[in-house]
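Our numbering numbers the first residue of the sequence shown as 9 and each following residue consecutively.
Every residue gets a Cβ at the ideal spot worked out from N, C-alpha and C, and that includes glycine.
Structure first, commentary second.
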Amino acid sequence: MKYSPVILPLLLLAVSCGKGFSSPDGRLTVVPDAQTLCVYFHAGDGTEAVLAAEVHLGLITADADLDSALTLTGVSRTRKWAEDYEMPTGKRRHCHNEARERALRFRNPGGVTLEAVVRLFNDGVGLCYRLPDGTETLEDRTAWHIPEETSRWISWDYEGYFPLATTGK
Numbered sequence: 009m010k011y012s013p014v015i016l017p018l019l020l021l022a023v024s025c026g027k028g029f030s031s032p033d034g035r036l037t038v039v040p041d042a043q044t045l046c047v048y049f050h051a052g053d054g055t056e057a058v059l060a061a062e063v064h065l066g067l068i069t070a071d072a073d074l075d076s077a078l079t080l081t082g083v084s085r086t087r088k089w090a091e092d093y094e095m096p097t098g099k100r101r102h103c104h105n106e107a108r109e110r111a112l113r114f115r116n117p118g119g120v121t122l123e124a125v126v127r128l129f130n131d132g133v134g135l136c137y138r139l140p141d142g143t144e145t146l147e148d149r150t151a152w153h154i155p156e157e158t159s160r161w162i163s164w165d166y167e168g169y170f171p172l173a174t175t176g177k
């Protein structure tokens with residue numbers, strides 16, 4: 009899937025206006041819109057952007073529906089994030105990760121807020137929610153829509169394998 013030359017400047021405009029942000033190497037970009045994140049992958053020469061995923065954000069808590077009619081109310085400044093750690097075994101003993109991070113604040117029609125923290129690494133996207141202490145989550149409604157034929161390695165279980173897939177399954 010390729011975007012026309014008109015779409016890429018619009019994407020770059022969204023990034024330059026402060027809503028969107030990129031990974032440290034600039035090849036992954038996230039642009040938030042209402043309660044959806046659009047994740048784009050840029051070719052090495054910077055001339056094309058491919059929609060890698062659309063991410064629907066949402067949770068159901070014991071106190072509120074944070075899945076319907078959310079509006080984006082704030083975006084933090086981009087923060088550089090890095091970590092170093094040592095592995096007891098494996099191919100590499102010393103590990104280093106770098107990312108760029110933004111917190112996105114959403115509000116439901118009842119005024120309850122949801123904060124989503126998005127980290128863009130050079131080779132992936134991380135997402136977590138921040139809720140007030142003691143908030144009981146009943147259902148996670150986060151949904152990743154990844155276009156068919158897109159190669160990806162996803163595991164929903166930190167102990168499981170990361171199998172290659174190119175279908176919606």
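Beta bridge counterpart(s) of residue i as assigned by DSSP
| i | result |
| --- | --- |
| V126 | R110 and L135 |
| T121 | R115 |
| L172 | W161 |
| E147 | I68 |
Nearest-angstrom Cβ-Cβ length linking residue i and residue j, presumed shorter than 8 Å
| i | j | result |
| --- | --- | --- |
| E123 | A107 | About 17 Å separates the two Cβ atoms, so there is no contact after all. |
| T44 | H64 | 6 Å |
| L78 | R115 | 7 Å |
| A57 | H50 | 5 Å |
| E109 | R138 | Going by Cβ atoms, the distance from E109 to R138 rounds to 12 Å, so no, they are not a contact pair. |
| P40 | L80 | 6 Å |
| P155 | L74 | 26 Å between Cβ atoms; not a contact. |
| R35 | G82 | So it is not a contact: roughly 26 Å between Cβ atoms. |
| V133 | V38 | 7 Å |
| A72 | V120 | 4 Å |
- request: Tell me the start and end of each unbroken beta strand (DSSP E) in the region 29-106 that is at least 3 residues and wholly inside, in chain order.
  value: 36-41, 44-50, 57-64, 67-69, 79-83 and 87-94, all fully within the region 29-106.
- prompt: Does the region 93-103 come within contact of the region 59-74, defined as at least 3 CB pairs closer than 8 Å?
  reply: No: fewer than three Cβ pairs fall under 8 Å.
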